[in-house]
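Under the numbering used here, read the sequence shown as residues 214 to 492, first letter to last.
Every residue gets a Cβ at the ideal spot worked out from N, C-alpha and C, and that includes glycine.
Remember, it's a predicted structure, so these values are computed and weren't measured experimentally.
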Amino acid sequence: AQLRARSPKASTFMTTATEILQQRLPAARPRIGMILGSGWSSVIDAIENPQRVAYADLPGFPQSSVAGHVSDVVVGRLGRHEVAVMGGRKHTYETGRADAMKIPIRALREWGCDVLVQTNAAGSVDANIPPGSLMAISDHINFSQHSPLIGEMGNERFVSMTNAYDIGLRQQAHEHAGSMGVDLFEGVYAWFVGPQFETPAEIRMAMGAGANAVGMSTVPETILARHAGMQVLAFSLITNMGAGLSSETLSHAHTLSQAQASAKRATSFLARVVGQLAI
Ligand code: HPA
214 AQLRARSPKA
224 STFMTTATEI
234 LQQRLPAARP
244 RIGMILGSGW
254 SSVIDAIENP
264 QRVAYADLPG
274 FPQSSVAGHV
284 SDVVVGRLGR
294 HEVAVMGGRK
304 HTYETGRADA
314 MKIPIRALRE
324 WGCDVLVQTN
334 AAGSVDANIP
344 PGSLMAISDH
354 INFSQHSPLI
364 GEMGNERFVS
374 MTNAYDIGLR
384 QQAHEHAGSM
394 GVDLFEGVYA
404 WFVGPQFETP
414 AEIRMAMGAG
424 ANAVGMSTVP
434 ETILARHAGM
444 QVLAFSLITN
454 MGAGLSSETL
464 SHAHTLSQAQ
474 ASAKRATSFL
484 ARVVGQLAI
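Put into structure tokens, the structure is as follows:
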């Protein structure tokens, strides 16, 4: 009875996860869902009265095998909003499947979330966007050409990806960045499936194609969220220059240590933007 804006593609499978969330947290009415990527997990510390449900208790919620990701849904208050935060995501490179986050995103939607806020760590392919920067994603390039919607039926599968990263939400993010004195860049995120980093030639291709950053996540979730009828806002924390653009050796340890160095700034910015979001 409490379901608003039920996804048209509700299946009994994902309803199970939604029902468990409702049973465990009967008073919760989150309208914003969040997915935290590498370096962003301390956003959870900003949540008031957090309540946790382990992914292990939610059918179809996949545990991430990636260090720095947390396998819990954390629900509580962030500023003006009640939010449901997924501490980690399953990446396509973990299984070869781009639809690993299908059930979690549809469950958030069924539970009442109208907005999906995503974060990730990314490499810059833009000399004007140095490591340590925050970037609002304005658009993406799906270089992997995987889709989480393969096998969907019906005309809704032909989902428009124009304005996939909502311009009104992005505008609000820029206003908060301005008032907080945070430099917020904006750019196009190119998805490479990974888990290997890109080659220098691939980075040159991404630059030529108009990308500003490269990474291994976020795009499948954006496609799923748009398909489910959610608005999307997404931020990259730039941890390095793309392969061949600097003398650094790329590794996950490097990504995490660079992300940690910027985590405080990134997470206080995110808490403010999401906490104040007009939706
Ligand atoms: N490439 C892909 N993914 C990444 C990178 C990168 O350079 N840095 C952090 N995530």
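Item to check | Those residues which DSSP pairs with I451 across a bridge | outcome: In the DSSP assignment, the residues bridged to I451 are A335.
Checklist entry - Can you round the beta-carbon distance between V288 and G300 to whole angstroms, since I take them to be within the 8 Å contact cut? => result 12 Å between Cβ atoms; not a contact.
Checklist entry - Does ligand 1 have even one heavy atom less than 6 Å from the beta-carbon of V187? => result Limits of the chain in this structure are 214 at one end and 492 at the other, which puts residue 187 out of reach.
Next on the checklist: Quick check: L329 and A438, are their CB atoms within less than 7 Å of each other?
Outcome noted: yes
Checklist entry - What is the rounded straight-line gap between the Cα of F482 and the Cα of M420? => result Looking at the two C-alpha atoms, the distance is approximately 27 Å.
Next on the checklist: Quick check: what's the CA-CA separation for I416 versus I260?
Outcome noted: 37 Å
Next on the checklist: Taking a contact to mean a Cβ-Cβ separation below 7 Å, would you say G488 touches G309 in this structure?
Outcome noted: Using a Cβ distance threshold of 7 Å, G488 and G309 do not count as a contacting pair.
Next on the checklist: Considering only DSSP beta bridges, list what G400 is partnered with.
Outcome noted: DSSP, once it has assigned bridges, lists I350 as partnering G400.
Item to check | Where N425 sits in the DSSP three-state scheme | outcome: coil
Checklist entry - Any heavy atom of ligand 3 closer than 6 Å to the CB of A334? => result Only ligand 1 can be found as ligands here, which leaves ligand 3 out of the picture.
Item to check | Neighbour flag for S470 against chain E, beta carbons, 7 Å | outcome: Absent from the structure: chain E. Only one protein chain is present.
Next on the checklist: Taking the beta carbon of A466 as the centre, do at least 16 other beta carbons fall within 10 Å, making it buried, or is it exposed?
Outcome noted: exposed
Next on the checklist: Nearer than 6 Å: is that true of the beta carbon of T480 relative to any heavy atom of ligand 1?
Outcome noted: no
Item to check | L321: first and last residue of the uninterrupted alpha helix (DSSP H) it sits in | outcome: K315 to W324
Next on the checklist: Quick check on this structure: which residue in I492, K477 and L490 has the alpha carbon closest to the alpha carbon of I257?
Outcome noted: A check of alpha carbon separations from I257 across I492, K477 and L490 identifies K477 as the nearest.
Checklist entry - So what's A441 in DSSP terms, helix, strand or just coil? => result coil
Checklist entry - Per the contact definition of three or more C-beta pairs closer than 8 Å, is the region 331-346 in contact with the region 424-431? => result yes
Checklist entry - Ends of the beta strand (DSSP E) at M247? => result Where M247 is concerned, the enclosing beta strand (DSSP E) stretches over I245 to I248.
Item to check | Beta-carbon gap between T229 and P263 smaller than 7 Å | outcome: no
Checklist entry - If you run the structure through DSSP and keep just helix, strand and coil, what is Q384? => result DSSP, read as helix, strand or coil, puts Q384 in helix.
Item to check | contact_flag[the region 443-451, the region 381-393] where n(CB pairs < 8 Å) is 3 or more | outcome: yes
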